[in-house]
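Trainee: Counting from 3, one number per residue, gives the positions in the sequence shown under my numbering. Just so you know, even glycine gets a beta-carbon here, dropped at the ideal spot from N, CA and C. Keep in mind the model is a prediction, meaning the values are calculated, not measured.
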Amino acid sequence: MAGTAPSKENSMENLLIIGGVIVAWVVITRFILPKLGIQG
């Protein structure tokens, strides 16, 4: 990432990646962990 000027496309990709990570985390903590007997 160093040496590259920030662009709107890069920021949009970062937002999509962060959003995807948050959605995946919610799905894991809400559905997968309780099935394993772990409360997130």
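(1) Return the CA-CA distance between residue 27 and residue 39, expressed in angstroms with no decimal places.
(2) I need the straight-line Cα distance from residue 25 to residue 12, nearest angstrom please.
(3) Starting from residue 22, trace the alpha helix (DSSP H) in both directions and tell me its first and last residue.
Mentor: This is what the structure holds:
(1) As a working note, residue 27 is residue 25 in the sequence shown. As a working note, residue 39 is residue 37 in the sequence shown. Roughly 17 Å separates the two Cα atoms.
(2) For the purposes of this step, residue 25 is taken as residue 23 along the sequence shown, with counting starting at 1. For the purposes of this step, residue 12 is taken as residue 10 along the sequence shown, with counting starting at 1. Separation of residue 25 and residue 12 (C-alpha to C-alpha, rounded to the nearest whole angstrom) is 20 Å.
(3) As a first step, residue 22 must be located in the sequence shown, where it is residue number 20. Its alpha helix (DSSP H) spans residues 10-29.
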